[in-house]
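Just so we're aligned: the sequence shown equals residues 87 to 153 in our numbering. The C-beta atom is built at its ideal place from N, Cα and C for all residues, glycine as well. Take a look at the structure below.
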Amino acid sequence: TWRTAPKVETNDPGGWGRSLEWATSCPPPRHNFVTLPRVRSESPAFDLNHPEYAALEARVAANGAAK
Numbered sequence: 087t088w089r090t091a092p093k094v095e096t097n098d099p100g101g102w103g104r105s106l107e108w109a110t111s112c113p114p115p116r117h118n119f120v121t122l123p124r125v126r127s128e129s130p131a132f133d134l135n136h137p138e139y140a141a142l143e144a145r146v147a148a149n150g151a152a153k
């Protein structure tokens, strides 16, 4: 239960968060981003934590869907 569970020390405990909400602390600090982050995919936080999958997705997108 929530009373006896260990305290979560990371922002994305599983490491599989996809959106920008998972890329910051909770609660977020004031002025979280100095500038607006450049978003290059539909899952930027996932790409940050798993660059090997991001590279694979980019190759598949460049070559078209698997046939």
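- Stretch pair the region 125-132 + the region 104-112: three plus CB contacts closer than 8 Å: yes
- Query: Per DSSP, what kind of secondary structure is E143 in: helix, strand or coil?
  - Reply: On the sequence shown, position 57 is the one that residue 143 refers to. E143: helix per DSSP, three-state reduction.
- Would the beta-carbon of S127 fall within 9 Å of that of E143? Walking along the sequence shown from the start, residue 127 turns up at place 41. Walking along the sequence shown from the start, residue 143 turns up at place 57. For S127 and E143, yes; Cβs fall inside 9 Å.
- Item | P92 versus G150: straight-line alpha-carbon distance, rounded | As a working mapping, residue 92 is identified with position 6 in the sequence shown. As a working mapping, residue 150 is identified with position 64 in the sequence shown. Each residue's alpha carbon lies about 44 Å from the other.
- Query: In chain order, what residues of the same chain lie with their CB nearer than 6 Å to the CB of W102, ignoring the 5 residues before and after it?
  - Reply: On the sequence shown, residue 102 is found 16 positions in, with the first residue counted as 1. Cβ neighbours of W102 beyond the five flanking positions: none.
- Message: Just to confirm the assignment, what range does the alpha helix (DSSP H) spanning P130 have?
- Response: Residue 130 sits at position 44 when you count from the first residue of the sequence shown. Under the DSSP assignment, P130 falls in the alpha helix (DSSP H) whose first and last residues are P130 to N135.
- Message: For R145 and N118, what's the separation of their Cα atoms in angstroms?
- Response: Indexing the sequence shown from 1 puts residue 145 at position 59. Indexing the sequence shown from 1 puts residue 118 at position 32. Straight-line Cα distance between these residues: approximately 32 Å.
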